[in-house]
Amino acid sequence: MRRVQIILIATAALVTAVMVSIVGSIGFVGLVIPHAVRMLVGVRHARLVPLSALSGALFLIAADILSRTLIKGQALPIGVITALIGAPVFALILIRGNSTR
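Be aware that the sequence shown starts at 1, since it is given in the UniProt record's numbering, and climbs by one per residue.
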């Protein structure tokens with residue numbers, strides 16, 4: 001049973017990695033933001049879904065503004081900003097998720 005669980009988790013991680021590589025790190029926002037919002041508001045979907053959508057939109061707007069203003073005269077790719085912020089947050093969510101189990 002434990003072996004099946006490990007194989008399923010590894011498969012899910014691989015599929016997620018492939019999809020992020022295809023979609024790009026902006027799609028990464030769809031992984032990070034709902035989990036972060038869930039940590040703040042709980043698991044009630046009536047609040048979780050709208051707040052996740054709103055938070056994701058606000059996060060991308062903030063990342064876009066930051067990418068356009070960080071270097072004068074140049075715009076960084078928005079994926080760079082979302083990856084710089086999203087990767088550490090995602091790692092923190094993974095670590096916290098494992099420590100609660």
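The beta-carbon is built from N, C-alpha and C at its ideal position, and this holds for glycine as well.
Query                                                                                                                        : Result
Based on DSSP bridge pairs, tell me the residues matched to Ile71.                                                           : Gln74
Could you check whether the Cβ of Ser67 sits closer than 7 Å to any heavy atom belonging to the ligand ATP?                  : The ligand ATP is absent from the structure shown, which contains no ligands of any kind.
Give the list of continuous alpha helix (DSSP H) stretches no shorter than 4 residues that lie fully inside the region 1–85. : 2–23, 29–41 and 45–69
For a quick check, are the C-beta atoms of Ile78 and Ala63 less than 8 Å apart?                                              : yes
Whole angstroms is fine: what's the gap from Arg96's alpha carbon to Ile22's?                                                : 27 Å
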